[in-house]
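First comes the structure, then the notes that go with it.
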């Protein structure tokens, strides 16, 4: 009720409704606390759903003007999900709640650069014991491995040159396996879908920055459109994951090339081709998908679909000054999303 009241208040520019939504949110918090202290209610699907709904309110409204409330709710949801065990989410409402949490859980691990229980085999398998994984689920399996790899990368700073080389090669092999998995997911999706996954249309929106510091030409004159929002979500996560992975592989290959002159290691010939240096292509694909998701008839659901992939692109591109135009465009669109219903973007430190 708090979420709906807030959304309606924002749509009608009715501050009294937004204020009322905060009262409903506070009441919901009180009821949730009672449920969590009740052994008969603590592990109910409805209790977990309430926890997720309150976290969503923090995500969209951010009433305390800090991300502390959302982070606290997220940690609480994570702990409750873990306590229930991986076999509790194989069907029905529980599975849908888990699937919704999983996206935010993976994003949180990217923020902290620390893998959590979601990367464990049982959490990758048990919730889908009776349900086939969708292409989006499979893509998230790949994205979930990013913190595992990042942890290994950060540990490289303590290694001697010999160990550094072997570890870098092992990490590159892991990245290539993930990239291969992504390609297979896409091919299965492409071959199994009865029509086009997406198509191009001339863009109907314009970024004001294109008329000033970014030059007079449109950065993305073509926008991608999709059969429905579900396909848009799948493809945006596919491209965002690919961009993150390829960017990491590109940086890792530079390290391997630096080690090459002094190593004399036969394994250096195994450094793969530089196709992943083109990580800007999938990054641009994500950007070109935003227009479809933010059409008026998509309401807030489209914005919530696009925000996470676009945040992943922002993190990827900010390391590269040569993509300043694209980065400014991404920042502008994220600011639009903040104003249109994802207010935590104003206060969150985001993914570093």
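Numbering (our numbering), first residue to last: 207 to 558. Here a beta-carbon is modelled for each residue, glycine too, at the ideal position from N, C-alpha and C. Since this is a predicted model, take the numbers as computed values, not measurements.
Exposure label - residue i; buried when at least 16 CB within 10 Å
i           : result
residue 410 : exposed
residue 475 : With a pLDDT of only 47 at residue 475, under the threshold of 50, the placement of this residue in the model should not be trusted; the figure read from the coordinates follows. With fewer than 16 Cβ atoms within 10 Å of its Cβ, residue 475 is classed as exposed.
residue 318 : exposed
residue 333 : buried
residue 344 : buried
residue 502 : exposed
residue 399 : exposed
residue 389 : exposed
residue 436 : exposed
residue 453 : buried
residue 482 : buried
residue 532 : buried
Best match in the options for proximity to residue i [C-alpha to C-alpha]
i           : options            : result
residue 356 : 382, 218, 316, 538 : 316
residue 374 : 341, 244, 462      : 462
residue 507 : 446, 535, 439      : 439
residue 304 : 397, 535, 251      : 251
residue 491 : 328, 497, 445, 364 : 445
residue 499 : 488, 515, 487      : 515
residue 458 : 380, 329, 331, 248 : 380
residue 387 : 369, 415, 423, 349 : 349
residue 330 : 291, 247, 298, 320 : 291
Residue i: first and last residue of the uninterrupted alpha helix (DSSP H) it sits in
i           : result
residue 277 : 274-290
residue 332 : Premise fails: residue 332 is in no alpha helix (DSSP H) and is neither H nor E.
residue 319 : No alpha helix (DSSP H) contains residue 319, which DSSP labels as neither H nor E.
residue 375 : 367-398
residue 434 : Run containing residue 434: none; DSSP gives neither H nor E here.
residue 353 : 352-361
residue 248 : Neither: residue 248 is in no alpha helix (DSSP H) and is coded neither H nor E.
residue 543 : 530-545
Residue range of the unbroken beta strand (DSSP E) whose run includes residue i
i           : result
residue 326 : Taken as a continuous stretch (DSSP letters only), residue 326 belongs to no beta strand (DSSP E), as it is neither H nor E.
residue 221 : Taken as a continuous stretch (DSSP letters only), residue 221 belongs to no beta strand (DSSP E), being part of the alpha helix (DSSP H) at 221-242.
residue 409 : Element bounds for residue 409: n/a, residue is neither H nor E.
residue 429 : 428-431
CB contact below 8 angstroms: residue i versus chain C
i           : result
residue 220 : In the structure shown, chain C does not exist; there is a single protein chain.
Legend entry - alpha helix (DSSP H) runs contained entirely in the stretch 482-516, provided each spans 4 or more residues: 486-499
Inset, instruction - Assess, as a yes-or-no matter, whether the stretch 217-233 is touched by the stretch 280-289 under the definition of 3 or more beta carbon pairs within less than 8 angstroms. - result: no
Legend entry - Validate contact between the stretch 398-410 and the stretch 522-533 using beta carbons, cut 8 angstroms, 3 pairs: no
Inset, instruction - Give a yes or no on contact between the stretch 207-223 and the stretch 244-264, applying the rule of three or more CB pairs nearer than 8 angstroms. - result: Taking a cut-off of 8 angstroms for Cβ pairs, the stretch 207-223 and the stretch 244-264 touch, as three or more such pairs fall below it.
Legend entry - Inter-stretch contact (C-beta, 8 angstroms, three-pair minimum) for the stretch 262-276 and the stretch 218-232: yes
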